[in-house]
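Worksheet: the structure to be examined is printed underneath.
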Amino acid sequence: MQNIVNGLTTGALYACIAIGFTLIFGIVQLIYFAQCEMAMVGAFSFAYCYLALERVLPPTVSVAIALPVAMVLTALVSCAGQRVLLQPLRNAAKVKGLIASLGLSIVLQNIVALWISPDELRFPFQIPTRWVVHDVTITATQLAIAGSVTIVWLAVWTILYRTPTGRTIRAIAQSPDGALLMGIRTQSVIGLTFAIAACTATVAGILMGVYNGTMRYDMGFIPGIKGFTVAILGGIGNIKGALLAGLCLGLAEGLFAGYISSDYRDVLAFGALISVLLIRPKGILGEKA
Amino acid sequence: MKRPQPKRTPTTIAAWLPWLLLLLLFLALPGMVEGYVLRTFTVFYLYLLLAVGLTVIVNYAGLLNLGFIAFFGVGAYTYAVLNREFGLPFFAALPLGAVAAATLGFVIGFPTLRVRGDYLALVTLGFGEIVRIILLNIWGPHGIAGISPPAPANLIGGGENFAVLFYWVSLAPVPIALLVLHRIDRSRVACRWFALRDNETAAKACGINPFRSLLLAAVIGTVFAGVAGVIFAGVQRYVSPASFVLDESILVLCIVVIAGGRSLWRLLLATALLTFLPEILRGMADYRMLIFGAALAAYVLFEERWRTRARPTPKMDQPATPNVPDAGAPHELPRFLASPSAATSVRLEIRNLSKQFDGVAALDGISIALDFDRSIIGLIGPNGAGKTTLFNCISGEVRPSSGEIVFPGLPARHLPHHAARSGIGRTFQTPNLFQSMSVRENVVMGAISGRLPLPEEQIDELLVHCGLSRVADSGVAALPLGTQRLIELARAVALQPRLLLLDEIAAGLSTSEKQALTDTIRRLAKDGHLNFLIVEHDMDFILPLAEHIIVLDAGRLLAQGSPREISNDPAVINAYLGGHHAAA
């Protein structure tokens, strides 16, 4: 039972990262490797902003200010990367975009490792409350994760399906040329999509920090890969699929670690990634713009 | 990206001289420098071996691999484990490590090579991580701590000798690896790889088996990694999973991406740059990955910018794009067509062929037998009649839902390259040409898997015959549609086919181009002993050209007969013009 609760929590985190991947892959058909690092950038910028504010303001207010600041910072980093690296490569082979974003990913990791710290740092913001219900421990953090991911998911869904901007995003995902001919400013919409994806990654990064209590320069990598797995599993561009697949992967991992072996837990995720890419690259639930 | 050059340039002593001098320098090195420098060079040689292996996979076969270091790890662990358990000597482990890595390459390549591009990158990354996690845990507590194979005691007499010994051991495979790469560069398989990464559909239509070619690349590449791994374990006398992390894969990828193409010098320089630079800038060792990451991104960016700028513009003073055959071109046929070695009559039989796309029947139980003997048969029908589906079933692009296609030499459940190898050549509605190659290279590629080797001068004759001799050495991208269609036709002819499938070859051509095309096709059929099956919309083009016409409608065979019979058949008129018109 505990495994299920923990599994669903990590699953929600994976889903949160996957939303960003699926948005970006959906719109530019590119594996944006640096999306992994956006979670890390988000967590670090939140942590330092929070530390600065905490001295003068009550914690709740600090969080309320630090969160948007972290989102804006991460979105700026992501959009800058998009503008400088990916936009010139738009017509090149897709693999080049992957290599370039891999380079960006390494650079971001190492900037943090060199100028902040290569070690595991304590995440400054914690929610200590926990309850025990029938031998199952549920922490307030887990509830916060469930709540935040739901909010993020609903927000992205609303943007995509209930706003004119969302319609342009979906239009570009289906046909960039068609969208361009309809007078949509493709480049700015793509930039906006990267910004939205960065915001979701920021939330994911902060939640990871709160959940694990720590942060490190490479904290984004493994969850990022899993987020990508989830994005593929759920079907590219399909944010409902991303949520569902995220919860499934988290649950499967939790059970696998609990009953079989925690050493090989990551093998399960990578194995799932490989199998999905090989057997059903369109995802379990199919693609959707 | 450079083009494959099937034309071989003779290698001169001058070309080899710098390499020999460099080798002499490397050979003399142990007498000149101390142990620490030797160790750095040993590392350099190991990276060079890895880079050679990954170059084959990334730069030749175009497969982005993000888990390459796993094969290096497998080589290293092969030696370490076999040495610890069975006391296997180092030199006996070398071939075993290579075999182990190649086996893994084969086993992993087998399922993964169905995906391409960045999906493949992610799959290889996943496999790399899985291998690392397994190495980390499989020996229980040994995992993280690593394994140390004992030093080959009988071979060494102290640390200094050990360094020198392994300097030699790591140097020895380097010239071999470079020679092998040089040989690969001039091989037919390299041409196949270039064709595949340029345009896979076209490559398959030229009879190239994509799976086998790419699997070969994966296996060749991993052999180098396996050998390097065994040497690494021998040098280090200690292996642990920490040596086989993603960063290392990325480092080797950096070398290979920066080396960029087929030049051995660039490969050597890129390896030297990325292995010696961190040693020289020791104070900046921490910045290693940062610099590599930035270099990787910057290189890709600038390479793309440079590539798009450097595109040659066609010269204005001479029309490089003749739409019609060269003026006064001798219309003599290439020898392989004028006197074919095999019988020209062939029978294509389609038995009860059906194809459903998501429940919609594109082909609905078609049975037909076509006897070709220097014949031109037309396949017509209204939009959605299933013409292209039938075509794609014959050429293997589409797998039929039921029924069979019988053609001499064609296996059941065939793929495009099977069709090409059994002598079915084809062109596409939208030309599929190798964009990175010249006109001549495109045509040569058609002969690469042909049933018989095609000598250089016959390629020239074919180019002249198709009116392509004046554009033979220009790139294909800027040529007009009519010329591109001719190139595709010439490429299909170079396959020395028994049957040529032309898919709407006249669509979008001008009247004069159509006339020239009609003449070419008729000449190829009558004097060149070729057989044609032509899908066509344009009745004015196909009726005078074909001797026999097949009409499809709604996935069924509607009629067949001579052009005259067909043009008077009420059912055909009905299908083409719609019921109301026919009734009126």
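Taken in sequence, the protein lines are chains X and U.
For the first sequence, the numbering used here gives the first residue as 2, with consecutive numbering after it.
For the second sequence, the numbering used here gives the first residue as 129, with consecutive numbering after it.
The beta-carbon is built from N, C-alpha and C at its ideal position, and this holds for glycine as well.
These figures come from a predicted structure and were not determined experimentally.
- Query: Enumerated in chain order, which unbroken segments of the alpha helix (DSSP H) with a length of 4 residues or greater are wholly contained in the region 235–276 of chain U?
  - Reply: Secondary structure within the region 235–276 of chain U: the alpha helix (DSSP H) runs of 4 or more consecutive residues, fully enclosed, are 245–266 and 270–273 (chain order).
- Message: I'd like to confirm the pairing. Which residues does DSSP put opposite U:G689 in its beta bridges?
- Response: According to DSSP, residue pairing for U:G689 in a beta bridge involves U:I677.
- Message: One question on the structure: do X:V78 and U:L418 come within less than 9 Å of each other, judged by their Cβ atoms?
- Response: Pairing X:V78 with U:L418 gives a Cβ-Cβ distance that is not under 9 Å.
- Got a sec: is the Cβ-Cβ distance from X:Y265 to anything in chain U below 9 Å? It does; some Cβ of chain U falls within 9 Å.
- Message: Just to confirm the assignment: which complete alpha helix (DSSP H) runs, minimum length 4, are found wholly within the region 41–111 of chain X?
- Response: The alpha helix (DSSP H) runs lying completely inside the region 41–111 of chain X and spanning 4 residues or more are 60–82, given in chain order.
- Item | Closest Cα partner of U:I505 within the set U:L157, U:A489 and U:L673 | It is U:L673 whose Cα lies nearest to the Cα of U:I505.
- Quick one: measure Cβ to Cβ for X:L122 and X:M216, integer angstroms, because I've assumed they're closer than 8 Å. About 5 Å separates the Cβ atoms of X:L122 and X:M216, confirming a contact at the 8 Å cut-off.
- Is X:A198 close to chain U, meaning its C-beta is less than 9 Å from at least one C-beta of that chain? It does not: the Cβ of X:A198 has no partner Cβ on chain U nearer than 9 Å.
- Which first and last residues belong to the alpha helix (DSSP H) in which X:Q3 is found? That run of the alpha helix (DSSP H) goes Q3 to V29.
- Message: Restricting to Cα atoms, I'd like to know which of U:L661, U:R242, U:L182 and U:F430 is closest to U:A497.
- Response: Ranking the options by Cα distance to U:A497, first place goes to U:L661.
- What in chain X is Cβ-close to U:D246, meaning under 7 Å? Within 7 Å Cβ-Cβ: I32, K95, V96 and L99.
- Pull up the DSSP beta-bridge partners for U:R554, would you. Beta-bridge pairing links U:R554 to U:L629.
- Does X:I191 get closer than 9 Å to chain U when you measure Cβ to Cβ? No - not a single Cβ of chain U is within 9 Å of the one on X:I191.
- Message: Alpha carbons only, please: which of U:A221, U:P544 and U:T170 is nearest the one belonging to U:Q718?
- Response: What is shown of chain U runs 129 to 712, which leaves residue 718 of chain U out entirely.
- Item | Contacts around U:S695, its chain only, beta-carbon distance under 7 Å, and the 5 residues preceding and following it disregarded | Answer for U:S695: L671, listed in chain order.
- Helix, strand or coil for X:A196, going by three-state DSSP, please let me know. X:A196: helix per DSSP, three-state reduction.
- Task: Could you tell me whether the region 246–265 of chain U touches the region 191–199 of chain U, using the rule of 3 or more Cβ pairs below 8 Å?
- Result: Contact holds between the region 246–265 of chain U and the region 191–199 of chain U, because three or more Cβ pairs, one in each stretch, are under 8 Å apart.
- Give the residues of chain X in contact with U:D414, contact being defined as C-beta atoms less than 7 Å apart. In chain order: L115.
- Message: Could you check whether the Cβ of X:P224 sits closer than 9 Å to any Cβ belonging to chain U?
- Response: No, no contact with chain U.
- Proximal residues to X:F45 (C-beta, below 7 Å), its chain only, five neighbours per side dropped: Here the set comprises V113, I117 and M216.
- Item | Inter-stretch contact at 8 Å, needing at least 3 Cβ pairs: the region 124–132 of chain X / the region 141–158 of chain X | A contact exists between the region 124–132 of chain X and the region 141–158 of chain X.
- For the alpha helix (DSSP H) that X:T159 lies in, which residues bound it at each end? Per DSSP, the continuous alpha helix (DSSP H) segment holding X:T159 begins and ends at A141 to R163.
- Contacts that U:I197 makes with chain X (C-beta to C-beta distance below 8 Å): Residues of chain X passing the Cβ test: none, with the nearest at roughly 15 Å.
- Task: Identify whether U:N520 lies in helix, strand or coil by the three-state DSSP scheme.
- Result: If DSSP states are grouped into helix, strand and coil, U:N520 belongs with the helices.
- Taking a Cβ distance cut-off of 9 Å, strictly less, list which residues of the region 224–251 of chain X are near chain U, in chain order. Contact residues of the region 224–251 of chain X toward chain U are I226, F229, T230 and I233 (C-beta to C-beta distance below 9 Å).
- Message: Assuming contact is defined by CB atoms lying nearer than 9 Å, are U:G225 and U:A346 in contact in what I supplied?
- Response: U:A346 sits away from U:G225, with the two beta carbons spaced by 9 Å or more.
- Task: May I ask which residues mark the beginning and end of the beta strand (DSSP E) holding X:D136?
- Result: First-last for X:D136: undefined, no H or E at that position.
- Item | Entirely enclosed beta strand (DSSP E) segments - the region 471–533 of chain U, minimum 3 residues | Listed in chain order, they are 473–485, 488–501 and 504–508.
- Message: Less than 9 Å between the C-beta atoms of U:C319 and U:M573, yes or no?
- Response: Cβ atoms of U:C319 and U:M573: closer than 9 Å.
- Item | Where X:P89 meets chain U, residues with beta-carbon distance less than 7 Å | Listed along chain U are L429, E432 and R433, each with a C-beta nearer than 7 Å to that of X:P89.
- Query: In chain U, which residues lie less than 8 Å from X:V108 when you measure between Cβ atoms?
  - Reply: Ordered by position in chain U, the residues that pass the 8 Å Cβ test against X:V108 are L418, G421, A422 and A425.
- Collapsed DSSP secondary structure at X:M220 in the structure displayed: For X:M220, the secondary structure class from DSSP, reduced to helix, strand or coil, is coil.
- Task: Could you check if U:Q612 is buried or exposed, using at least 16 other CB atoms within 10 Å of its CB as the buried criterion?
- Result: A buried status is given to U:Q612, since no fewer than 16 other beta-carbon atoms sit within 10 Å of its beta-carbon.
- Item | Residues near U:N187 in its chain [Cβ-Cβ closer than 8 Å; skip 5 each side] | Only V384, A387, G388, G389 and R390 meet the Cβ criterion.
- Would you mind giving the Cβ-Cβ distance between U:A400 and U:F172, rounded to the nearest angstrom? I have them listed as a contact below 8 Å. With a Cβ gap of about 7 Å, U:A400 and U:F172 count as contacting.
- Query: Got a sec, what are the start and stop residues for the alpha helix (DSSP H) U:V663 sits in?
  - Reply: Looking at the DSSP string, U:V663 is not in any alpha helix (DSSP H); the run it does join, the beta strand (DSSP E), is F660 to V663.
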